[in-house]
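Enquirer: Pasting a structure below so you can have a look.
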Amino acid sequence: MLAMNRFALHGDLLDFTGAPAWGSTEDAAVRWRPDHWLLVENGRIAGVQPEPPDASWPRIDHAGKLILPGFIDTHVHCPQLEVIASYGTELLDWLKTYTFPAEARWHDAEVARAGAARFLDALIAHGTTSAVVFPTVHKISAEALFEAGRERGMRLITGKVLMDRHAPENLRDDVKGAQADCEDLIRRFHGVERLGYAVTVRFAPTSTPEQLAMAGALCKADASLYMQTHVAENRDEVRWVAGLFPEARSYLDVYARVGLLHERSVLAHGIWLDEDDRAALVQSGAQVAHCPSSNLFLGSGLFAWREAREAGMALSMASDVGGGTSLSIQRNLLDAYKIQALRGERLTAWVGLHSATRGAAQALGLVQEIGSFDAGCMADICVWNWASCSVSAAREAAASGLHERLFAWMCLSDAGNLHAAYIAGRAVHSGSER
Ligand code: GUN
Ligand code: ZN
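What follows is the structure, given as structure tokens:
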């Protein structure tokens, strides 16, 4: 483990200064600084320069490697690593058949602690240094995750899952007990080091109107809290919600009516939204976490990314493991590209990579802290091999122009390409040499 106060990393630096335009392969928002030095001091980015720094900066040479801000996964389920790649179901059956039984085991403190550590180490090994995470309904699962996140110095946003109906008995809470648990967790973890609390409504069907109102009241009482949930993922789910909440204009409106839609809200999926929903999202500042590998795997639908952008919605990239099939952000970006291709659209590497770095940071209100190499940001940094095998090496050698090179990397790389990762300037992972 590296614990220097200051050091300098050498390599090919890529980050963004703003949002790249849809469809533009040459974009002024792309900040490409090949063969540069990234200066890190006291866990933060101190600057970037083309020439090597003076001898007071210990040097780490990653020449010829791609250096990116650590990825931000805005929607992923800690207890679902063990149900990743489960056969044969759409969302509602998948929850019942695989997910709920797996989550029920997390009432046990040892399962929760070991699972949280394994999960965060897996995220880091995939180049993800910040995340918005669902644990389970059990208070211990959120405690274990917060503690494991704090030990790793990560930017981690999570909160106990709220679900008081339409779930097995051993996965249900009640309004009063859940409120007390949330308040206790908020007091102990929210704003502590790099931890943030998210009021975590699983999805509208598994909370009573009373529980949704309680969750909304928590958000109204403290505007610094995040909120995470699922919305409009699957057509059967949307129909179910319409039956459960006939007074709401739409699925999204169920959340809006109780104060759960605000600028710190992260709503996963958002496939089956209409124009009024998009306008409500824009007005509230809430973001959609797009979960491409999950949407394909569970057959949920094809996300309308261009329409979301044209409406002005905040948007970020997410793995949604275990509905999603990989923690790798690159794998998810490749799936996102394919989804857009099926819709007759094209996702550039720039729009894709931005959505998992600066774009996600912006949507979370954390652009001063994560997602770029701006001076003052935390030094959450990943160093990647450009290629990991003879096929990717040949493709990389044939690429002409920066976008072609990054696009091929986005499509062909995964966790196996990760060479090193730093969180707040601390080396937390060292991978293969290529
Ligand atoms: N909707 C409610 N719970 C879940 C979950 O665990 N995963 C996904 N993909 N959708 C959900
Ligand atoms: Zn999910």
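Here my numbering is used: the first residue of the sequence shown is 2, the next is one more, and so on. Where a beta carbon is used, it is the ideal one built from N, C-alpha and C, also for glycine. Just so it is clear, the structure is predicted and the values come from calculations on it, not from any experiment.
Could you check if ARG188 is buried or exposed, using at least 16 other CB atoms within 10 Å of its CB as the buried criterion?
Expert: For the purposes of this step, residue 188 is taken as the residue at position 187 of the sequence shown. Exposed: under 16 other Cβ atoms inside 10 Å.
Enquirer: CB-CB under 7 Å to THR18, same chain, minus the five flanking residues each way: which ones, in chain order?
Expert: Numbered from its first residue, the sequence shown carries residue 18 at position 17. Correct list, in chain order: ALA30 and ARG32.
Enquirer: Please name the residue in HIS76, ALA376 and VAL283 whose C-alpha comes closest to that of ARG199.
Expert: Taking the first residue of the sequence shown as 1, we reach residue 199 at position 198. The amino acid at residue 199 is misidentified as Arg; the sequence shows Ala. Residue HIS76 is the option with its Cα nearest to ALA199.
Enquirer: Check ARG60 in the structure and name its three-state DSSP category.
Expert: As a working note, residue 60 is residue 59 in the sequence shown. Strand at ARG60.
Enquirer: Buried or exposed: GLY154, going by 16 or more other Cβ atoms within 10 Å of its Cβ?
Expert: Residue numbering aside, residue 154 sits at position 153 when the sequence shown is read from its first letter. GLY154 is buried by the Cβ-count criterion.
Enquirer: Would you mind stating whether LEU268 and ALA216 have Cβ atoms separated by less than 8 Å?
Expert: Within the sequence shown, the letter at position 267 stands for residue 268. Within the sequence shown, the letter at position 215 stands for residue 216. No, the pair does not count as a contact, with Cβ atoms beyond the cut-off.
Enquirer: Using a Cβ-Cβ cut-off of 6 Å (strictly less than) and excluding sequence neighbours within five positions of ALA145, which residues of its own chain qualify?
Expert: Here the question's residue 145 lines up with position 144 in the sequence shown. Closer than 6 Å at the Cβ level, and outside the excluded window around ALA145, lie ALA113, ARG114 and ALA117.
Enquirer: So, under 8 Å CB-CB, LEU157 and LEU196 are touching, yes? Tell me the CB distance rounded to an integer number of Å.
Expert: Start at 1 with the first residue of the sequence shown, and residue 157 comes out as number 156. Start at 1 with the first residue of the sequence shown, and residue 196 comes out as number 195. Their Cβ separation, rounded to whole angstroms, is 6 Å, which keeps LEU157 and LEU196 in contact under 8 Å.
Enquirer: Find the nearest neighbour of ASN235 within the set SER329, ALA361, ILE272 and ARG258, judged by alpha-carbon distance.
Expert: Along the sequence shown, one-based indexing puts residue 235 at 234. Answer by Cα proximity: ILE272.
Enquirer: In the DSSP assignment, find the unbroken beta strand (DSSP E) run with PHE8 in it and report its ends.
Expert: Within the sequence shown, numbered from 1, the residue matching residue 8 stands at position 7. Segment 7-17, the beta strand (DSSP E) holding PHE8.
Enquirer: Which complete alpha helix (DSSP H) runs does the region 216-291 hold, if anything under 4 residues is left out?
Expert: Those alpha helix (DSSP H) runs which fall completely within the region 216-291 and span 4+ residues are 236-245, 252-258 and 276-285.
Enquirer: Which word fits LYS177, buried or exposed, when buried means at least 16 other C-beta atoms lie within 10 angstroms of its C-beta?
Expert: As a working mapping, residue 177 is identified with position 176 in the sequence shown. Exposed: under 16 other Cβ atoms inside 10 Å.
Enquirer: In angstroms with no decimal places, state the Cα-to-Cα distance between LEU297 and ALA22.
Expert: Here residue 297 refers to the residue found at position 296 of the sequence shown. Here residue 22 refers to the residue found at position 21 of the sequence shown. Roughly 25 Å separates the two Cα atoms.
Enquirer: Kindly identify the DSSP beta-bridge partner or partners of PRO70.
Expert: Reading the sequence shown from its first residue, position 69 is the one you call residue 70. Partner(s): ILE382.
Enquirer: Would you kindly check if the distance between the Cβ of THR349 and the Cβ of GLY128 is under 8 Å?
Expert: For the purposes of this step, residue 128 is taken as the residue at position 127 of the sequence shown. For the purposes of this step, residue 349 is taken as the residue at position 348 of the sequence shown. It is not a contact, given that the beta carbons lie outside the stated cut-off.
Enquirer: Three-state secondary structure (DSSP) at ASN418?
Expert: Position 417 of the sequence shown, counted from the first residue, corresponds to residue 418. Here ASN418 sits in helix by DSSP.
Enquirer: Measure the Cβ-Cβ separation of VAL138 and LEU82 and say whether it is below 8 Å.
Expert: If you number the sequence shown from 1, residue 138 lands on position 137. If you number the sequence shown from 1, residue 82 lands on position 81. In this structure, LEU82 does not lie closer than 8 Å to VAL138 by Cβ.
Enquirer: Pull up the distance between the alpha-carbon of GLN180 and that of ASP174, whole angstroms please.
Expert: Taking the first residue of the sequence shown as position 1, residue 180 is located at position 179. Taking the first residue of the sequence shown as position 1, residue 174 is located at position 173. Taking the straight line from one Cα to the other gives about 10 Å.
Enquirer: For the region 288-304 against the region 330-349, are there 3 or more C-beta pairs whose distance is under 8 Å?
Expert: A contact exists between the region 288-304 and the region 330-349.
Enquirer: Note down the Cα distance separating VAL289 from ALA214, rounded to an integer number of angstroms.
Expert: Position 288 of the sequence shown holds residue 289. Position 213 of the sequence shown holds residue 214. In a straight line, the C-alpha of VAL289 is about 21 Å away from that of ALA214.
Enquirer: Between TYR423 and GLY324, what straight-line distance do the alpha-carbon atoms span, to the nearest angstrom?
Expert: Taking the first residue of the sequence shown as position 1, residue 423 is located at position 422. Taking the first residue of the sequence shown as position 1, residue 324 is located at position 323. For TYR423 and GLY324, the distance between alpha carbons rounds to 28 Å.
Enquirer: Identify the continuous beta strand (DSSP E) that holds ILE429 and give its terminal residues.
Expert: Mapped onto the sequence shown, residue 429 falls at position 428. Contrary to the premise, residue 429 reads as Val rather than Ile in this sequence. It spans 427-431 - the beta strand (DSSP E) in which VAL429 sits, taken as one unbroken run.
Enquirer: According to DSSP, ARG32 sits in a beta bridge with which residue or residues?
Expert: Residue numbering aside, residue 32 sits at position 31 when the sequence shown is read from its first letter. According to DSSP, which records beta bridges pairwise, ARG32 is partnered with ASP16.
Enquirer: Flag this pair as touching only if the region 375-382 and the region 396-415 have three or more C-beta atom pairs under 8 Å; answer yes or no.
Expert: No, the region 375-382 does not touch the region 396-415.
Enquirer: Please go through the same chain and pick out, in chain order, the residues whose beta-carbon is closer than 6 Å to the beta-carbon of THR209, but skip the five residues on each side of it.
Expert: To locate residue 209, count along the sequence shown from 1; it is residue 208. So the list reads ASP165 and ARG166, once near-sequence residues are dropped.
Enquirer: Taking the continuous alpha helix (DSSP H) assigned at ALA388, which residues delimit it?
Expert: Position 387 of the sequence shown, counted from the first residue, corresponds to residue 388. Here ALA388 belongs to no alpha helix (DSSP H), and DSSP marks it neither H nor E.
Enquirer: Among GLU405, SER414, ALA394 and ILE382, which residue has its Cα nearest to the Cα of HIS63?
Expert: By one-based count along the sequence shown, residue 63 stands at place 62. Per the Cα distances, ILE382.
Enquirer: If you measure from each CB to the nearest heavy atom of ligand 2 and keep those under 6 Å, what residues do you get, in chain order?
Expert: Qualifying residues come out as HIS76, HIS78, HIS231, ALA269, ASP321 and GLY324.
Enquirer: For ligand 1, any of its heavy atoms closer than 7 Å to the Cβ of SER295?
Expert: Residue mapping note: residue 295 aligns to position 294 of the sequence shown, counting from 1. Indeed, a heavy atom of ligand 1 lies less than 7 Å from the Cβ.
Enquirer: Looking at the unbroken beta strand (DSSP E) that takes in GLY48, where does it start and where does it end?
Expert: If you number the sequence shown from 1, residue 48 lands on position 47. 45-50 is the span of the beta strand (DSSP E), which, as asked, contains GLY48.
Enquirer: If ALA9 and PRO54 are in contact, beta carbons under 8 Å, what's the gap, nearest whole angstrom?
Expert: Within the sequence shown, numbered from 1, the residue matching residue 9 stands at position 8. Within the sequence shown, numbered from 1, the residue matching residue 54 stands at position 53. With 8 Å as the limit, ALA9 and PRO54 qualify as a contact, their Cβ atoms being about 5 Å apart.
Enquirer: Hey, how far is the Cα of GLY432 from the Cα of ARG347?
Expert: For the purposes of this step, residue 432 is taken as residue 431 along the sequence shown, with counting starting at 1. For the purposes of this step, residue 347 is taken as residue 346 along the sequence shown, with counting starting at 1. So the two alpha carbons sit approximately 32 Å from each other.
Enquirer: For the putative contact between ALA105 and PRO169, defined by C-beta atoms under 8 Å, what is the C-beta separation to the nearest angstrom?
Expert: Stepping through the sequence shown from its first residue, residue 105 is reached at position 104. Stepping through the sequence shown from its first residue, residue 169 is reached at position 168. So it is a contact: roughly 7 Å between Cβ atoms.
Enquirer: So is ALA47 buried or exposed if we call it buried at 16+ other beta carbons inside 10 Å?
Expert: By one-based count along the sequence shown, residue 47 stands at place 46. Buried: at least 16 other Cβ atoms inside 10 Å.
Enquirer: Run through DSSP, which three-state label would ARG344 get?
Expert: As a position in the sequence shown, residue 344 is number 343, starting the count at 1. Three-state result, ARG344: coil.
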